[in-house]
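K.L.:
Those protein sequence lines, which keep their order, are chains A and B.
Letter by letter, the first sequence follows residues 1 to 238 in the numbering used here.
Letter by letter, the second sequence follows residues 1001 to 1238 in the numbering used here.
Think of the CB as a built atom: it goes at the ideal place given N, C-alpha and C, for glycine as much as any other residue.
2 protein chains.
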Amino acid sequence: MGSATIFFWLQLPNVTKSYRTALTITGIVTLIATYHYIRIFNSWSEAFTVASKDGGDYHVKLTGAPFNDGYRYVDWLLTVPLLLIELILVMKLPQEETVSLSWKLGLASALMVALGYPGEIQEDLSVRWFWWCLSMIPFCYVVFTLAVGLAESTSKQPSPAAASLVSAARYLTVLSWCTYPFVYMVKSVGLAGPAATMYEQVGYSIADVMAKAVFGVLIWAIASEKSAVEESGELLPN
Amino acid sequence: MGSATIFFWLQLPNVTKSYRTALTITGIVTLIATYHYIRIFNSWSEAFTVASKDGGDYHVKLTGAPFNDGYRYVDWLLTVPLLLIELILVMKLPQEETVSLSWKLGLASALMVALGYPGEIQEDLSVRWFWWCLSMIPFCYVVFTLAVGLAESTSKQPSPAAASLVSAARYLTVLSWCTYPFVYMVKSVGLAGPAATMYEQVGYSIADVMAKAVFGVLIWAIASEKSAVEESGELLPN
Chain A
1 MGSATIFFWL QLPNVTKSYR TALTITGIVT LIATYHYIRI FNSWSEAFTV
51 ASKDGGDYHV KLTGAPFNDG YRYVDWLLTV PLLLIELILV MKLPQEETVS
101 LSWKLGLASA LMVALGYPGE IQEDLSVRWF WWCLSMIPFC YVVFTLAVGL
151 AESTSKQPSP AAASLVSAAR YLTVLSWCTY PFVYMVKSVG LAGPAATMYE
201 QVGYSIADVM AKAVFGVLIW AIASEKSAVE ESGELLPN
Chain B
1001 MGSATIFFWL QLPNVTKSYR TALTITGIVT LIATYHYIRI FNSWSEAFTV
1051 ASKDGGDYHV KLTGAPFNDG YRYVDWLLTV PLLLIELILV MKLPQEETVS
1101 LSWKLGLASA LMVALGYPGE IQEDLSVRWF WWCLSMIPFC YVVFTLAVGL
1151 AESTSKQPSP AAASLVSAAR YLTVLSWCTY PFVYMVKSVG LAGPAATMYE
1201 QVGYSIADVM AKAVFGVLIW AIASEKSAVE ESGELLPN
């Protein structure tokens, strides 16, 4: 995540001015994630300790310090609206549409994260499902808006390469976003204990790398391709 | 490793735009390695403690905390595909070939690292050999593709200096890559205990410095030489 941030920011001079804000935000998203993953790493290390070694196998026990999954939700509350804004900015829509889409998708996605948290910290399965369902309302709105909006935008891109990158960003968005509600369900379907916690953490981590770093590389590739097209366009007689 | 990163990034303005992404990634590889070597260093320090001093000799014993060699594999999972991509980028092949080679070699090398890990954490020798053999399949594919591809590419370089640097990169790649499977075998041939662990760590560390920092310097030299040739070419009447 941290390396992705540096990559995006070092690429700033290589794209035209119109795409620099999008690329700056792309790097901020992975920077915020880097910070929270350090917090999550430390919280995880403090929650478990190696109790004994039996042959090649280590036995791990709880230290009593809680593993704080709240860091993820604080991270998402900040990064998910920013992720949507970086995508909207790289599309280079008319200014009015950019502002209105940023507000609508930004607020809906923050609401989605906020509604997910009360369920995440619950052990009562029916309460978990209740908040999951509430959170899915803004989730469906955002994913549907993106899927439709990006499909329209694909045809308006300035080159076939840009169009195919926007199309890849569209599929990656839908795929990576849909991972989260399924990972959330790991505990809602009654799985419990250390294995469930481990699957949940591995699942969220993979989804985060896809939705932030890999998605960011696509945003950079779109910005880079569109910059090249615009620059070569300026050199033509028309 | 950290110093190499700073060197590569400070050299960014000295190469032409076409080679900046390659040089950015070269610095990211050594940055990711720096991070993991700090983790490896800390894990090593926590796993051993000085028990007593007897004349000039220190006696070291295990603290019970495991030495976590997993950091190397996480490092390789990220850096090995990136290393291959930096090499492909500095070759400046047609865009389609760049994308297809990056995917093929990137995925094959990630698979190679992933298949090595289950064997590395095993004490059963036959299981170690099983995973070593599986991991050698993508290894051979990558090394063979590089050796052949770089041989062809050497003749297409814009100057004799660039051609001899690409040829050096080719030998360094094959030589440093072939170190890893031999170091892996230190424990597979039945060596065990502190000495085997020490040889393994020293071997991997030397191979890493060659494959990342020294290799990176070659990438920089190629980018630098080709930039100079391209810039002087622009000044010629044709």
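Does the Cβ-Cβ distance between B:L1089 and B:T1098 come in under 8 Å?
P.N.:
The residue you call residue 1089 of chain B lines up with position 89 of the second sequence. The residue you call residue 1098 of chain B lines up with position 98 of the second sequence. The Cβ-Cβ distance between B:L1089 and B:T1098 falls below 8 Å.
K.L.:
Along the chain, where does the alpha helix (DSSP H) containing B:S1159 start, and where does it finish?
P.N.:
In the second sequence, counting from the first residue as 1, residue 1159 of chain B sits at position 159. Unbroken run through B:S1159: none, as it is neither H nor E.
K.L.:
Ignore the nearest five residues each way along the sequence and tell me which others in A:W9's own chain have a CB closer than 8 Å to its CB.
P.N.:
Counted from its first residue, the first sequence places residue 9 of chain A at position 9. Excluding sequence neighbours, A:W9 sits near L23, T24 and G27.
K.L.:
By Cβ distance below 7 Å, which residues in the same chain neighbour B:N1238 in space, the five residues on each side in sequence not counted?
P.N.:
Against the second sequence, residue 1238 of chain B aligns to sequence position 238. Because B:N1238 carries a pLDDT of 44, less than 50, the predicted location of this residue cannot be relied on, and no value is offered for it.
K.L.:
Should A:F7 be flagged as near chain B, meaning a C-beta pair shorter than 8 Å?
P.N.:
For the purposes of this step, residue 7 of chain A is identified with residue 7 of the first sequence, where counting begins at 1. Yes, contact with chain B.
K.L.:
When the cut-off is 8 Å and only beta carbons count, does B:G1116 lie next to chain A?
P.N.:
Here the question's residue 1116 of chain B lines up with position 116 in the second sequence. No, its Cβ sits nowhere closer than 8 Å to a Cβ of chain A.
K.L.:
Nearest CA to the CA of A:Y19: which residue from A:A223, A:V143 and A:S232?
P.N.:
Taking the first residue of the first sequence as position 1, residue 19 of chain A is located at position 19. Taking only the C-alpha atoms, the option nearest A:Y19 is A:A223.
K.L.:
What are the residues that DSSP puts in a beta bridge with A:T49?
P.N.:
For the purposes of this step, residue 49 of chain A is taken as the residue at position 49 of the first sequence. Paired residue(s): A:K61.
K.L.:
For a contact defined as C-beta to C-beta under 9 Å, what are the partners of B:L1031 on chain A?
P.N.:
Taking the first residue of the second sequence as position 1, residue 1031 of chain B is located at position 31. Under the 9 Å cutoff, chain A gives G2, S3 and I6.
K.L.:
Using CA coordinates, which residue listed in A:V29, A:E200, A:S45 and A:G193 is at the minimum distance from A:L84?
P.N.:
Position 84 of the first sequence, counting from 1, holds the residue named residue 84 of chain A. Measuring from the Cα of A:L84, the nearest candidate turns out to be A:V29.
K.L.:
Check the Cβ of B:E1017 against every Cβ in chain A and list those closer than 7 Å, keeping chain order.
P.N.:
Translated into the one-based positions of the second sequence, residue 1017 of chain B becomes position 17. At residue 1017 of chain B the sequence reads Lys, which differs from the Glu that was named. Those are N14, listed as they occur along chain A.
K.L.:
Per DSSP, what kind of secondary structure is B:D1054 in: helix, strand or coil?
P.N.:
For the purposes of this step, residue 1054 of chain B is taken as residue 54 along the second sequence, with counting starting at 1. Residue state, collapsed to three classes: strand.
K.L.:
Checking 8 Å against the spacing of the C-beta atoms, do A:G106 and A:P81 come in under that value?
P.N.:
Locating residue 106 of chain A in the first sequence gives position 106, counting from the first residue. Locating residue 81 of chain A in the first sequence gives position 81, counting from the first residue. Cβ atoms of A:G106 and A:P81: closer than 8 Å.
K.L.:
Spell out whether any CB of chain A is found under 8 Å from the CB atom of B:G1064.
P.N.:
As a first step, residue 1064 of chain B is located in the second sequence; it is residue number 64 there, counting from the start. So yes, B:G1064 belongs to the interface.
K.L.:
DSSP state of A:F8, grouped into three classes?
P.N.:
On the first sequence, position 8 is the one that residue 8 of chain A refers to. In this structure, A:F8 counts as helix in the three-state DSSP scheme.
K.L.:
Does DSSP put B:V1080 in a helix, in a strand, or in coil?
P.N.:
Locating residue 1080 of chain B in the second sequence gives position 80, counting from the first residue. Helix.
K.L.:
Assign A:N68 to one of three DSSP states: helix, strand, or coil.
P.N.:
As a position in the first sequence, residue 68 of chain A is number 68, starting the count at 1. Correct three-state label for A:N68: coil.
K.L.:
Would you grab the beta carbon distance between B:F1144 and B:S1176 for me? Rounded to a whole angstrom, and I think it's under 8 Å.
P.N.:
What you label residue 1144 of chain B is simply residue 144 of the second sequence in a count that begins at 1. What you label residue 1176 of chain B is simply residue 176 of the second sequence in a count that begins at 1. About 16 Å separates the two Cβ atoms, so there is no contact after all.
K.L.:
Report the residue from B:T1034, B:A1221 and B:M1112 whose alpha carbon sits nearest the alpha carbon of B:S1164.
P.N.:
Here residue 1164 of chain B corresponds to residue number 164 of the second sequence, with the count starting at 1. Among B:T1034, B:A1221 and B:M1112, the Cα nearest to that of B:S1164 belongs to B:A1221.
K.L.:
For the segment 120-186 of chain A, which segments carrying the alpha helix (DSSP H) assignment without a break, of at least 4 residues, lie completely within its bounds, in sequence order?
P.N.:
Fully contained in the segment 120-186 of chain A are the following alpha helix (DSSP H) runs of length 4 or more, in chain order: 125-154.
K.L.:
Kindly indicate which three-state DSSP category A:M210 falls into: helix, strand or coil?
P.N.:
Within the first sequence, numbered from 1, the residue matching residue 210 of chain A stands at position 210. Helix.
K.L.:
Are A:S3 and B:I1032 touching if we call contact CB-CB under 8 Å?
P.N.:
Within the first sequence, the letter at position 3 stands for residue 3 of chain A. Within the second sequence, the letter at position 32 stands for residue 1032 of chain B. Yes, the pair counts as a contact, with Cβ atoms nearer than the cut-off.
K.L.:
Taking Cβ-Cβ distances shorter than 7 Å, what residues in chain A pair up with B:I1038?
P.N.:
As a first step, residue 1038 of chain B must be located in the second sequence, where it is residue number 38. By Cβ distance, chain A contributes nothing, its closest Cβ being about 13 Å from B:I1038, past 7 Å.
K.L.:
So with CB distances below 8 Å, who are the chain A contacts of B:I1028?
P.N.:
Here the question's residue 1028 of chain B lines up with position 28 in the second sequence. Result: S3, I6 and F7.
K.L.:
Using a Cβ-Cβ cut-off of 8 Å, state whether B:T1197 counts as contacting chain A.
P.N.:
Locating residue 1197 of chain B in the second sequence gives position 197, counting from the first residue. Judged by the 8 Å Cβ criterion, B:T1197 is not in contact with chain A.
K.L.:
Which residues, in chain order, does the segment 94-118 of chain A contribute to contact with chain B at a C-beta distance below 8 Å?
P.N.:
Those residues of the segment 94-118 of chain A placed with their C-beta closer than 8 Å to a C-beta in chain B do not exist.
K.L.:
Among A:S153, A:F182 and A:T179, which has the Cα closest to the Cα of A:A168?
P.N.:
Taking the first residue of the first sequence as position 1, residue 168 of chain A is located at position 168. Here the closest residue by C-alpha is A:S153.
K.L.:
If we define contact as Cβ-Cβ less than 8 Å, is B:T1034 a contact residue for chain A?
P.N.:
In the second sequence, residue 1034 of chain B corresponds to position 34, counting from 1. It does not: the Cβ of B:T1034 has no partner Cβ on chain A nearer than 8 Å.
K.L.:
Just tell me which of B:T1197, B:P1138, B:P1158 and B:I1006 has its CA closest to the CA of B:G1116.
P.N.:
Here residue 1116 of chain B is taken as the residue at index 116 of the second sequence, counted from 1. Selected option, being the one with the closest Cα: B:P1138.
K.L.:
Which of the three DSSP states is assigned to B:K1226 in this structure?
P.N.:
What you label residue 1226 of chain B is simply residue 226 of the second sequence in a count that begins at 1. In the three-state scheme derived from DSSP, where H, G and I count as helix and E and B as strand, B:K1226 is classed as helix.
K.L.:
Can you give me the C-alpha to C-alpha distance between B:F1182 and A:V50, rounded to a whole angstrom?
P.N.:
Here residue 1182 of chain B corresponds to residue number 182 of the second sequence, with the count starting at 1. Here residue 50 of chain A corresponds to residue number 50 of the first sequence, with the count starting at 1. Looking at the two C-alpha atoms, the distance is approximately 31 Å.
K.L.:
Anyone know if the C-beta pair for B:Y1199 and B:V1186 falls short of 8 Å?
P.N.:
In the second sequence, residue 1199 of chain B corresponds to position 199, counting from 1. In the second sequence, residue 1186 of chain B corresponds to position 186, counting from 1. It is a contact, given that the beta carbons lie within the stated cut-off.
K.L.:
Go through its chain and collect everything with a Cβ distance to B:Y1141's Cβ below 7 Å, but skip five positions before and after it.
P.N.:
Numbered from its first residue, the second sequence carries residue 1141 of chain B at position 141. Excluding sequence neighbours, B:Y1141 sits near A1108.
K.L.:
Rounded to the nearest angstrom, what separates B:M1210 and A:A151 at their Cα positions?
P.N.:
Reading the second sequence from its first residue, position 210 is the one you call residue 1210 of chain B. Reading the first sequence from its first residue, position 151 is the one you call residue 151 of chain A. The C-alpha of A:A151 is placed about 46 Å away from the C-alpha of B:M1210.
K.L.:
Against chain A, with Cβ distances strictly below 8 Å, would B:N1068 count as a contact?
P.N.:
Along the second sequence, one-based indexing puts residue 1068 of chain B at 68. Answer no: the Cβ-Cβ gap between B:N1068 and chain A never drops below 8 Å.
K.L.:
Under 9 Å, CB to CB, which of the residues in the segment 1117-1132 of chain B have a partner in chain A?
P.N.:
I1121, Q1122, E1123 and D1124
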